[in-house]
Amino acid sequence: MRGIKILGGKTLHGKVQIPGAKNSVLPIMAAAALCGERVTLERVPHLSDVECSAKILQRLGCRVMAAEHFLVIEPAGELQSEIPEDLMRAMRSSIFFMAPLLVRTGRADITMPGGCKLGARPIDIHLDGLAKMGVMIAQSAQHLHLTAPAGLKGADITLRFPSVGATETLLMAAVSARGQSVLRGCSMEPEVTDLVRFLKACGACIEGEGTRCLTVFGTPNLKGCHYRICPDRITAATVMFAVAGCGGEAVLQGACEEDLQAVFRVLRRGGCDIACKEDEIAIGRYHTLYGAGNLVTDVHPAFPTDAAPLAAAAFLRAQGTTMLTDSIFENRFACAAGFEKMRAACGVQGRTICVQGVPRLAGSSVHAPDLRGGAALVLAAAQAEGESIITGIEHIARGYEDLAGLFVQLGAQAGYIQMQDSSSLLNVAAYA
Ligand code: EPZ
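Numbered per full-length UniProt numbering, the sequence shown spans residues 1 to 432.
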């Protein structure tokens, strides 16, 4: 088993390049299966979820070639309509292939998707919308058999909640459905807008970009395109909260400041200095960090749920209290157990974590419960005195290219270790 070993307590100083967005490249890779011509993607992050999506595309019959941060996806004449269970369960994003399969083959045989255990995470909004487009759905506990015997027809659909994934599923279904669709109550997350822009670059006809109401005119034969993935705002938030927690400064290259306004507000309120010019964001924290008070996550443009554990970690040593409530997922703060092992003063009640800042944290061995909780534990360990080891980093690799390396670029002492089990450390790598 691999782990991250980090010697905390240093202030951070460095410049980092923000990669392409995980939550944009994954739906776009699925949408490439809708296209009849080659799709070339730029600024593709090296993530295990991207590798998994590439495997699914290949199992469906597409050719996928990867080079550095590029991906080339050659469509298949005929697509398979079944996705193996192990690939479906490996991540939440496998669900994005449901709509392209229905469009291209008229059926989809899949199991429920995997993904971080943040709560129930049903897919009813996806399925209700597809049913309105003429899809027949047979569902057992974990298996789904979907057919579109007469193809997909445009529909007027109101999402009961602005689900990111359901918006993306219904967009992919609507762009190739017969006639017009109106999708109301959509997610406005930047990654959804990136998918809209990708589909338009492939010839889709979509109005309402960046709003909660998308009007789609079905286009039977989508072309291919060359597309550059938008920057990952959550990786940018990770770096910024790391600087807030550890102190020091960083320059982020390639981030998109308009996607981060809610994050900026929380950081500035805590005492950080933030300046933006062109595609660079500079953040500094040179004095006391103050607790964030009451903070509630919500759908974009509010404070993002994925940044909530990162914010909690940043404020563990702040002066004052931070009460963070996640309105999106039921189980967002499983990382609190790791914070407590590092002697943080925090507790979780329902969807809320309450953090009372303490003067210091102590290094410990902790386990990542999920992707952003794992990143939050690394962020806490970077503040702690002494050594910490974070295991379960396969969760972290799903969403970060090289999180230890990112901290090293910021001046931290971090590296990967190979462990036989949680008690012994073998081949401990020298700090990078
Ligand atoms: C996407 O997940 C992201 N993942 C998540 O990022 C992100 O946290 C989430 O959106 C919210 O912004 C990807 O894009 C791959 P939702 P998704 O559907 O689509 C409920 C990360 O760390 N819901 O907007 O699964 C659901 O249970 C990951 O990068 C239904 O009830 O999120 C949740 O409570 C974690 N029925 C809420 O809506 C449905 O049919 C938001 O879910 C769908 C969702």
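Note that the Cβ used here is the ideal one computed from N, Cα and C, for glycine as well. Note that the structure is predicted; figures quoted are calculated from it, not measured.
Q) Using CA coordinates, which residue listed in Ala397, Val299, Ala313 is at the minimum distance from residue 443? A) Since the displayed the chain opens at 1 and closes at 432, residue 443 lies outside it and no answer follows.
Quick one: does the C-beta of Phe333 sit closer than 7 Å to a heavy atom of ligand 1?
-> no
### Message
Could you check whether Arg332 and Arg351 sit closer than 8 Å to each other, using their CB atoms as the reference points?
### Response
yes
Identify, in the order they occur along the chain, each residue of the same chain with its Cβ nearer than 7 Å to the Cβ of Gly374, setting aside the five sequence neighbours on each side. Ala368, Ile390, Gly392, Ile393, His395, Ile396
Practice problem: Pull up the distance between the alpha-carbon of Ala312 and that of Arg285, whole angstroms please. | Solution: 16 Å
Gly208 by DSSP, collapsed to three states: which one? coil
- Message: Let's test the definition: count the other Cβ atoms within 10 Å of the Cβ of Cys213 and tell me whether it reaches 16, buried, or not, exposed.
- Response: exposed
query: Closest to Leu316 by CA distance: which of Glu249, Gly291, Phe217 is it?
result: Gly291
Notebook entry, point to check: To the nearest angstrom, how far is it from the Cα of Glu401 to the Cα of Gly3?
Noted result: 15 Å
Original post:
Taking 7 Å as the cut-off, is the CB of Arg351 close to at least one heavy atom of ligand 1?
Top reply: no
Could you spell out where the beta strand (DSSP E) holding Val348 opens and where it closes? 345-349
- What residue does the alpha helix (DSSP H) around residue 491 start on, and which one ends it? Residue 491 cannot be examined here, being either before or after the span of the chain that is shown, 1 to 432.
Original post:
Could you give the residue range of the alpha helix (DSSP H) that holds His143?
Top reply: It is not in any alpha helix (DSSP H) - His143 instead sits in the beta strand (DSSP E) that spans 143-147.
request  = May I ask you to check if the CB of Thr305 is nearer than 7 Å to at least one heavy atom of ligand 1?
outcome  = yes
| Going by beta carbon distance, what residues of the same chain come within less than 8 Å of Lys200, once the five residues before and after it are set aside? | Ile206, Glu209
Handout entry: Gly399 CB to nearest heavy atom of ligand 2 below 7 Å
Key = Of the ligands this structure carries, namely ligand 1, none is ligand 2.
- Query: Can you tell me the Cα-Cα spacing of Met133 and Arg184, whole angstroms?
  - Reply: 14 Å
Output the boundary residues of the beta strand (DSSP E) element that contains Asn294. 293-296
**Prompt:** With respect to the alpha helix (DSSP H) encompassing Phe198, which residues constitute its N-terminal and C-terminal limits?
**Reply:** 190-201
- [ ] Mind checking which residues open and close the beta strand (DSSP E) that includes His367?
- [x] 365-367
*Contact set for Ser24: own chain, Cβ-Cβ below 6 Å, skip 5 residues either direction*: Glu191, Asp194, Ile229, Cys230
**Asked** Got a sec: is the Cβ-Cβ distance from Val50 to anything in chain B below 8 Å?
**Response** Looking at the structure shown, chain B is missing, and only one protein chain is on hand.
Is it buried or exposed, Lys277, if we count other Cβ atoms within 10 angstroms and call 16 or more buried? exposed
### Query
Out of Met136, Val299, Ser181, which has the shortest C-alpha to C-alpha gap to Asp326?
Val299
Worksheet item: What is the DSSP secondary structure of Asn427, counted as helix, strand or coil?
Response: Low confidence applies here, because Asn427 scores a pLDDT of 38, under 50, leaving its location unreliable; read the following figure in that light. Reduced to three states, the DSSP call for Asn427 is strand.
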